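Start counting the sequence shown at 885; every next residue gets the next number (this note's numbering).
Worksheet: the structure to be examined is printed underneath.
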Amino acid sequence: MLQDAFREACARYATGITVATVTDSGGRPHGLTANSFSSVSWKPPMVLVCVDHGATAHDRFYAADSFAINILSDRQRDLSIRFAGPADERFEGLDWHPGPETGAPLLPGVLAWLECRTVHRVEAGDHTVFIGEVKSAGGTGEAQPLVYFLRQYRLLQL
Ligand SMILES: Cc1cc2nc3c(=O)[nH]c(=O)nc-3n(C[C@H](O)[C@H](O)[C@H](O)COP(=O)(O)O)c2cc1C
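Spelled out as structure tokens, the structure:
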């Protein structure tokens, strides 16, 4: 089956792990674990993330005019699991803060973060591709990334 071969091929593409986040009109945070993040353009700086139509956070992403990408470190496997778990518990007790340019939620202790203004929403099969222009970004030095390969969390070995 093509579907199976497709999944097996994609599972062999090692990625980092991000938590993509937005706020709703009431200022409440929403987010999901996403490894479909990619940089897109340098000038202007642009990135994308693909969100499943069925994801609880999908319509929040569609309605928002900005989003943030939080790139997880190897010590944040718990955050990856949390943001793929029950939607109403994802931000419970979490010390997030609004990004300086867009207000999109930034998570504590991440390896790096990007704040983006949403410039395109592209329908692609069962996902929407959200393309954002990066408005601010930062990173936290020497930590190592959380890696995902063959459906498991891995540590980077250099
Ligand atoms: C490692 C990993 C990567 C994921 N990447 C994506 C992604 O890129 N896009 C997406 O829509 N869902 C992705 N998911 C699934 C979401 O995190 C989440 O589990 C899904 O949206 C179901 O959430 P819901 O219960 O809020 O609908 C990923 C899950 C894991 C564990």
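Just so you know, even glycine gets a beta-carbon here, dropped at the ideal spot from N, CA and C.
These numbers come from a predicted model, not from an experiment.
- Of all alpha-carbon atoms in Ala941, Ser950, Glu985, Gly983, the one lying nearest the alpha-carbon of Phe967 is that of Ala941.
- The set of residues with CB atoms less than 5 angstroms from any heavy atom of ligand 1 reads, in chain order, Leu916, Thr917, Ala918, Asn919, Ser920, Val935, Asp936, Ala939, Thr940, Ala968, Ala971, Tyr1032.
- Rounded to the nearest angstrom, the Cβ distance from Pro1029 to Leu991 is 15 angstroms, too far for a contact under 8 angstroms.
- With respect to Phe921, Ile965 sits apart: the two C-beta atoms are not nearer than 7 angstroms.
- The beta-carbon distance between Leu1042 and Val1031, rounded to whole angstroms, is 12 angstroms. This is too long to meet the 8 angstroms contact definition.
- Taking the Cα of Leu998 as reference, the smallest distance to any Cα among Phe975, Asp1010, Thr1024 is reached at Thr1024.
- If you compare the alpha carbons of Ala895, Gly1022, Leu956 with that of Ala904, the shortest gap goes to Leu956.
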